[in-house]
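Numbering (our numbering), first residue to last: 3 to 193.
Scroll down for the structure; my scribbles are underneath it.
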């Protein structure tokens, strides 16, 4: 659903087809070892790193962070200059990823706002196709973004991080699917 929204807006993604259930057919990519976090509100690790922010303080313009993908190192925060100096990315690719990430954020921010939801932040990953296009990869879901309802209740993975309750997480995801008008009848038929 969200990949199709981005595709219609001209964002190149790895999605080829989706069965409407659980399977995605995607392009084979060389994954860039960088996670991009776009933050619209101060939350999570940002508050721990920079306690000058107030929780859910609006960030205008949105804040972009880069994390080097390495599980052993716990995906450390890195500066743009670090990515260029260490040749993880060159300037042009980094610039394209930044601009594309901001465009993706703008599209999703508008979409979620239209549903009366607060789009807090998102983690994005990119890859390089055989034709050398830089495309959005991974997934876009409540596992990769934080979104709050009108009462600041989470409809994302934050519920599981706090409670370790899969049932509560599933309930939130079903509510989110209903709000953003994703048809889940085939996945979870009414009893």
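We treat Cβ as the ideally placed atom computed from N, Cα and C, and that holds for glycine.
Validate contact between the region 68 to 77 and the region 36 to 43 using beta carbons, cut 8 Å, 3 pairs
Contact between the region 68 to 77 and the region 36 to 43 is present, because at least three Cβ pairs lie under 8 Å.
Bridge partners - residue 15, DSSP secondary structure assignment
Counting from one through the chain shown, the residue named residue 15 turns up at place 13. Per DSSP, 138.
Taking Cβ positions, are residue 86 and residue 96 nearer each other than 9 Å?
Taking the chain shown and counting its residues from 1, the one referred to as residue 86 is at position 84. Taking the chain shown and counting its residues from 1, the one referred to as residue 96 is at position 94. Taking 9 Å as the Cβ cut-off, residue 86 and residue 96 qualify as a contacting pair.
Taking only runs of the alpha helix (DSSP H) that begin and end inside the region 88 to 134, which ones reach a length of at least 4 residues, in chain order?
93 to 116
Use the C-beta contact count for residue 183: other C-beta atoms within 10 angstroms, 16 or more gives buried, fewer gives exposed.
As a working note, residue 183 is residue 181 in the chain shown. Looking at its Cβ environment, which holds fewer than 16 other Cβ atoms inside 10 Å, residue 183 is exposed.
Please name the residue, chosen from 47, 137, 136, 119, that lies closest to residue 144 on a Cα-to-Cα basis.
To locate residue 144, count along the chain shown from 1; it is residue 142. Minimum Cα distance to residue 144 is reached at 119.
Just how far apart, CA to CA, sit residue 100 and residue 93?
In the chain shown, counting from the first residue as 1, residue 100 sits at position 98. In the chain shown, counting from the first residue as 1, residue 93 sits at position 91. Between residue 100 and residue 93, the C-alpha separation is close to 10 Å.
To the nearest angstrom, how far is it from the Cα of residue 47 to the Cα of residue 150?
Taking the first residue of the chain shown as position 1, residue 47 is located at position 45. Taking the first residue of the chain shown as position 1, residue 150 is located at position 148. Distance between the alpha carbons of residue 47 and residue 150 is about 17 Å.
Distance CB(residue 17)-CB(residue 109) smaller than 9 Å
Mapped onto the chain shown, residue 17 falls at position 15. Mapped onto the chain shown, residue 109 falls at position 107. No. Outside cutoff.
Here's the rule: buried if 16 or more other CB atoms are within 10 angstroms of the residue's CB, otherwise exposed. What is residue 156?
Translated into the one-based positions of the chain shown, residue 156 becomes position 154. Answer is buried; the Cβ neighbour count reaches 16.
Quick check: residue 146 and residue 128, are their CB atoms within less than 9 Å of each other?
Reading the chain shown from its first residue, position 144 is the one you call residue 146. Reading the chain shown from its first residue, position 126 is the one you call residue 128. It is not a contact, given that the beta carbons lie outside the stated cut-off.
Whole-angstrom Cβ separation of residue 117 and residue 181, contact assumed at under 8 Å?
Residue mapping note: residue 117 aligns to position 115 of the chain shown, counting from 1. Residue mapping note: residue 181 aligns to position 179 of the chain shown, counting from 1. For a cut-off of 8 Å, the C-beta gap from residue 117 to residue 181 is around 5 Å, short enough to register as a contact.
For a test of the three-state rule: what should DSSP assign to residue 171, helix, strand or coil?
By 1-based counting over the chain shown, the position of residue 171 is 169. Three-state DSSP puts residue 171 in a helix.
Just confirm the distance between the C-beta atoms of residue 138 and residue 13, as a whole number of angstroms; I'd bet it's less than 8 Å.
What you label residue 138 is simply residue 136 of the chain shown in a count that begins at 1. What you label residue 13 is simply residue 11 of the chain shown in a count that begins at 1. Residue 138 to residue 13, Cβ: 6 Å. Contact.
Rounded separation between residue 6 and residue 163 - CA only
Start at 1 with the first residue of the chain shown, and residue 6 comes out as number 4. Start at 1 with the first residue of the chain shown, and residue 163 comes out as number 161. Roughly 28 Å between the two C-alpha positions.
CA nearest to the CA of residue 41, picked from 185, 123, 148
For the purposes of this step, residue 41 is taken as the residue at position 39 of the chain shown. Across the set 185, 123, 148, the C-alpha of 123 shows the shortest separation from the C-alpha of residue 41.
Answer with buried or exposed for residue 142, where buried requires no fewer than 16 other C-beta atoms within 10 angstroms of its C-beta.
Indexing the chain shown from 1 puts residue 142 at position 140. With 16 or more other Cβ atoms within 10 Å, it is buried.
Going by C-alpha to C-alpha distance, which of 158, 132, 90 sits closest to residue 30?
Locating residue 30 in the chain shown gives position 28, counting from the first residue. That would be 132, whose Cα lies nearest to the Cα of residue 30.
Nearest residue (CA-CA) to residue 11, options 170, 104, 179
Against the chain shown, residue 11 aligns to sequence position 9. That would be 104, whose Cα lies nearest to the Cα of residue 11.
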